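Each residue of the sequence shown is one higher than the last, beginning at 7 in my numbering.
Shown next, in structure tokens, is the structure this report addresses.
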Amino acid sequence: MEASQGTLPLNTCHVQKLLLIINRLHMLLHSMALGFLFYYRVCFLFQDQENRVSHLLPWLLVFTSEIILSFIWFLGQAYRWRPVSRFVFPERLPEDDKLPAVDVFICTADPIKEPTLEVMNTVLSSMALDYPQEKIHVYLSDDGCSPMTLYGVRKAWEFARWWLPFCRRYKIKNRCPKAYFSALESDDNDFARSSFYMEDKQKIKRKYEAFKEEIETFRKAEAFSRDSITVGDHSSVIEVMQEDIIDDVDNVKMPQLVYVSRERKSSSPHHFKAGALNVLLRVSAVMSNSPYILDLDCDMFCNDPTSARYAMCFHLDPKISSSLSFVQFPQKFHNISKKDIYDSQLRSLFTLQWQGMDGLKGPVLSGTGFYMKRVSLYGNQANEGWTDLLQLREYFGSSNEFIKSLTQNYTSVFFPGRNTLLEEPHLLASCRYETGTKWGQDVGFLYDSVVEDFLTGFILHCNGWNSVFCEPSRPQFLGTATTNLNDVLIQGTRWYSGLFENGISKFCPLIYGSLRMPLLQSLCFAELTYFPLYCLPLWCFATIPQLCLQRGIPLYPKVSDTFFIVFFFIFLSSLSKHLLEVFLTGGTLHNWINEQRIWMMKSTTCDLYGCLDALLKKVGIRQASFLPTDKAEDDEQTLLYQNDKYDFRASNIFIVPMLALLTVNIFCLVVGVYRVILVGDWDKMFIQVALASFIITVNYPIIEGLVIRKDKGRISQSVAIYVILFTMIFLTFCKFL
Ligand SMILES: O=c1ccn([C@@H]2O[C@H](COP(=O)(O)OP(=O)(O)O[C@H]3O[C@H](CO)[C@@H](O)[C@H](O)[C@H]3O)[C@@H](O)[C@H]2O)c(=O)[nH]1
Ligand SMILES: [Mn+2]
Numbered sequence: 007m008e009a010s011q012g013t014l015p016l017n018t019c020h021v022q023k024l025l026l027i028i029n030r031l032h033m034l035l036h037s038m039a040l041g042f043l044f045y046y047r048v049c050f051l052f053q054d055q056e057n058r059v060s061h062l063l064p065w066l067l068v069f070t071s072e073i074i075l076s077f078i079w080f081l082g083q084a085y086r087w088r089p090v091s092r093f094v095f096p097e098r099l100p101e102d103d104k105l106p107a108v109d110v111f112i113c114t115a116d117p118i119k120e121p122t123l124e125v126m127n128t129v130l131s132s133m134a135l136d137y138p139q140e141k142i143h144v145y146l147s148d149d150g151c152s153p154m155t156l157y158g159v160r161k162a163w164e165f166a167r168w169w170l171p172f173c174r175r176y177k178i179k180n181r182c183p184k185a186y187f188s189a190l191e192s193d194d195n196d197f198a199r200s201s202f203y204m205e206d207k208q209k210i211k212r213k214y215e216a217f218k219e220e221i222e223t224f225r226k227a228e229a230f231s232r233d234s235i236t237v238g239d240h241s242s243v244i245e246v247m248q249e250d251i252i253d254d255v256d257n258v259k260m261p262q263l264v265y266v267s268r269e270r271k272s273s274s275p276h277h278f279k280a281g282a283l284n285v286l287l288r289v290s291a292v293m294s295n296s297p298y299i300l301d302l303d304c305d306m307f308c309n310d311p312t313s314a315r316y317a318m319c320f321h322l323d324p325k326i327s328s329s330l331s332f333v334q335f336p337q338k339f340h341n342i343s344k345k346d347i348y349d350s351q352l353r354s355l356f357t358l359q360w361q362g363m364d365g366l367k368g369p370v371l372s373g374t375g376f377y378m379k380r381v382s383l384y385g386n387q388a389n390e391g392w393t394d395l396l397q398l399r400e401y402f403g404s405s406n407e408f409i410k411s412l413t414q415n416y417t418s419v420f421f422p423g424r425n426t427l428l429e430e431p432h433l434l435a436s437c438r439y440e441t442g443t444k445w446g447q448d449v450g451f452l453y454d455s456v457v458e459d460f461l462t463g464f465i466l467h468c469n470g471w472n473s474v475f476c477e478p479s480r481p482q483f484l485g486t487a488t489t490n491l492n493d494v495l496i497q498g499t500r501w502y503s504g505l506f507e508n509g510i511s512k513f514c515p516l517i518y519g520s521l522r523m524p525l526l527q528s529l530c531f532a533e534l535t536y537f538p539l540y541c542l543p544l545w546c547f548a549t550i551p552q553l554c555l556q557r558g559i560p561l562y563p564k565v566s567d568t569f570f571i572v573f574f575f576i577f578l579s580s581l582s583k584h585l586l587e588v589f590l591t592g593g594t595l596h597n598w599i600n601e602q603r604i605w606m607m608k609s610t611t612c613d614l615y616g617c618l619d620a621l622l623k624k625v626g627i628r629q630a631s632f633l634p635t636d637k638a639e640d641d642e643q644t645l646l647y648q649n650d651k652y653d654f655r656a657s658n659i660f661i662v663p664m665l666a667l668l669t670v671n672i673f674c675l676v677v678g679v680y681r682v683i684l685v686g687d688w689d690k691m692f693i694q695v696a697l698a699s700f701i702i703t704v705n706y707p708i709i710e711g712l713v714i715r716k717d718k719g720r721i722s723q724s725v726a727i728y729v730i731l732f733t734m735i736f737l738t739f740c741k742f743l
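Here it is in structure tokens:
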């Protein structure tokens, strides 16, 4: 047994051969067709003078859009080059006493948008990981510095003393109490039929109800309102839950639980989540200093306790561990409906794209659900074995204790200790600590982007680190997805602004990346940063061909022209490839059409605003912002989403462009078809008629939301009337230009 343990691999990696062949074949055919398309467009520029002059502008606009679409398509092929899947064998891991320790970081910021009970469920589920108890240390960062959250942590700690032994004893699969006690989770463990188990379960359930009650009572007593939680300046608060508790039942040490709220001053930037994580990184260094870190958003509970062992199957694999920075699990969500009208699950990203990158140098860091090697966050210099104290202080700041923690045999002076001994952690959590140091630039999570996860992961890859994607069939983590149109689009705007800002910064993946990592890997990163550029071609395709249709200007080859086949092929090839990918990742026809629709909606709204926001930030007109998403359940909104009804009660900045574009398409189609019937040039205008019809068909739910639906989520009539009238006047005006 001993001998075989040494030789058997902890994980395996298989190339998905069939998919690889299909992908590459498709790339070949599709790029040939694009080649013909470009040939056709370029030829036009040398065509007869008369045609060229009168139609040059729309032709150039459409051609430019085609180039941008092809460019993004080309970048996206990097994901499809070498998709792999991995398997792990946790039973082959060394004995428990040889496993490395893990620090769990959980970030929360707002007790109203992120209900305390849910956050505590995440905390409890991570404390209950199936891993040696004394090797888990949970740190909760509270950017809201809310008494509610601190109270919640104390109560969660008390409840954990019952919850953890219960989970261990009965090998409970779902260790998030809320999910476990919800009817959804059935008892499928070995003890399901034993009366002891049922009795214990009832007892624990009562304890959980009491815990829930206490939090609710406190919340009411505090009379929370928006104003009372506006975070003002405050000093840091750090509280270690009573140390060294041996749990009453099984006589084992409980995992450590620490509450950290960093100091906040309006005069110094706090860098959102990245800032919070860096404080946790430092505070935990002088407390537990575990070699591995699990990072979780406050809503991402552990749905399966095995994730730590799964991750160690990679981190402890001698073949890959030396250059492995992190093991990323996919973000999955507990509140996804079957048709998922907003593509809230980000299907393509967390299945196909990350698998594709896994076959290169590893997936993008995705903010939550990853196990990271601590030293990889300390920058290249830390790993070069510096000894000069001055240099180290310039890098890591003034704390000697922290600098000592960089050496391998460091033992913390704070654990186990008293809260009064926490001077050093308070220093490390202060605003001034980072001034003049490399935190946020070369050390820790990086500050140059609101998508700190993307940037941090990208730079790690640039510095030679790799990552691994682990996607077991049972989701290891489950979060709360945004499931109403407004939140989806606001979140999208933030992401696209952050991504695009990387694309136009010195960290542009095509230049900075391609010099430091394999080309294909850098193309994947580039695809993400330039993805928001979809706004340009989609705005163009939703207006230019339609306006030209109205005036009888053909922009595409005639049906009888051989080049018609090229355009037709490209259209079919893109749609069918997307459909195939949806099917291969477990989706349905509905998912496919919904993804097409939400892609159009997002591209014409939040992609555009994201790009603008990034550009304005670049010239210094706007400041970075990070509004956390709402994780509190709203029954009305949830119901609409579950019934596949779009919730159009979104901000006007999103609704107006959608309505206007749809009006353009309907109006131009009607006028255009009328004109075509009169003139009889179907052959010339066919593609433009088909394009407008396609856009209208895909976006039918918007029409439904305007004229058919009577529920609360319909489009506001008063807004719609103005938009439609104004657009029609504009279009009539255009016609006579
Ligand atoms: O000033 C802040 C703002 C946010 N957060 C926390 O950051 C997490 C993510 O925020 P959320 O509102 O859920 O944003 P999402 O857009 O859903 O987050 C995704 O995108 C972020 C930016 O790329 C990543 O950091 C996240 O991990 C990833 O899940 C939450 O736990 C927040 O409490 C803070 O701690 N401090
Ligand atoms: Mn989130």
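Ideal placement from N, C-alpha and C gives every residue a C-beta, glycine not left out.
Here the structure is a predicted model, which means the values were calculated and not measured.
Cβ-heavy atom distance, GLY238 to ligand 2, below 7 Å = no
Could you give the DSSP three-state label for PHE654: helix, strand or coil?
-> coil
With 16 other Cβ atoms within 10 Å as the buried cut-off, status of MET7 | Summary for MET7: the model assigns pLDDT 36, below 50, so the residue's position carries little reliability; its value from the coordinates is reported in the next sentence. With fewer than 16 Cβ atoms within 10 Å of its Cβ, MET7 is classed as exposed.
Compute the distance between the beta-carbons of LYS637 and GLY498, then report whether it is under 8 Å.
-> no
Out of GLN262, VAL243, SER372 and LEU452, point me to the one whose CA is closest to HIS432's CA.
-> VAL243
Segments assigned beta strand (DSSP E), at least 3 residues, entirely inside the stretch 68–138 | 90–94 and 108–114
Residue range of the unbroken alpha helix (DSSP H) whose run includes THR5 = Since the first residue of the chain shown is 7 and the last is 743, residue 5 is not available in this structure.
Apply the 10 Å Cβ neighbour rule to THR426 and answer buried if 16 or more other Cβ atoms are within range, or exposed otherwise.
-> Note that THR426 scores a pLDDT of 49, beneath 50, so its modelled location is shaky and nothing firm can be said.
In angstroms with no decimal places, state the Cα-to-Cα distance between GLN447 and ASP454.
-> 8 Å
Are the CB atoms of PRO300 and ALA314 nearer to each other than 8 Å?
-> Before going further, note that residue 300 is Leu rather than Pro in the sequence given. In contact: LEU300 and ALA314 (Cβ atoms closer than 8 Å).
Any idea if PHE52 is buried or exposed, counting beta-carbon neighbours within 10 angstroms, 16 or more meaning buried?
-> exposed
Around the C-beta of MET204, are 16 or more other C-beta atoms found within 10 angstroms, so that it is buried, or is it exposed?
-> exposed
Give the DSSP bridge partners of TRP445, in chain order.
-> VAL449
Simplified DSSP assignment, three categories, for GLN334 = strand
Closer than 8 Å, CB to CB, is ALA107 near chain C or not?
-> The structure shown contains no chain C; it holds only a single protein chain.
Specify the secondary structure class of MET306 as computed by DSSP and reduced to three states.
-> coil
What three-state label does DSSP hand THR426 in the structure shown?
-> With a pLDDT of 49 at THR426, under the threshold of 50, the predicted position of this residue should be treated as unreliable, and no value is reported.
Name the residue from GLN602, ASN469, ILE576 and CYS173 whose alpha carbon lies nearest to the alpha carbon of LEU34.
-> ILE576
Reducing DSSP to helix, strand and coil, say where GLU477 ends up.
-> coil
Nearest-angstrom Cα distance between PHE356 and PRO336?
-> 5 Å
Minimum C-alpha distance to VAL494 - residue among SER350, LEU525 and GLN361 = SER350
Just the C-alpha distance for GLY82 and TYR615, rounded to the nearest angstrom, thanks.
-> 22 Å
For VAL713 and THR594, the rounded distance between their alpha carbons = 28 Å
Where in the stretch 458–515 do unbroken runs of the beta strand (DSSP E), each at least 3 residues long, occur, reported from the N-terminal end onward?
-> 472–475
Would you kindly report the start and end of the unbroken beta strand (DSSP E) that includes GLN262?
-> 262–267
CB-CB length for SER372 against GLN334, believed under 8 Å | 6 Å
So, are the CB atoms of ILE559 and PRO64 less than 8 Å apart?
-> yes
Can you tell which of VAL144, VAL21 and SER404 has its C-alpha closest to the C-alpha of PRO89?
-> VAL21
What is the residue span of the beta strand (DSSP E) that HIS321 lies within?
-> No beta strand (DSSP E) holds HIS321; the alpha helix (DSSP H) holding it covers 313–321.
Strand pairing of ARG270, partner residues [DSSP] | HIS240
Could you pull the start and end residues of the alpha helix (DSSP H) that MET734 belongs to?
-> 723–741
Beta-carbon proximity check, VAL94 vs ILE142, cutoff 8 Å | no
Identify the residues that DSSP records as bridge partners of PHE145: which are they?
-> It is worth fixing the name first, because residue 145 is Tyr in this sequence and not Phe. Looking at the DSSP assignment, TYR145 forms a beta bridge with PHE111 and VAL264.
Out of ASP303, GLU458, SER699 and TYR377, state which residue places its alpha-carbon closest to the alpha-carbon of SER327.
-> TYR377
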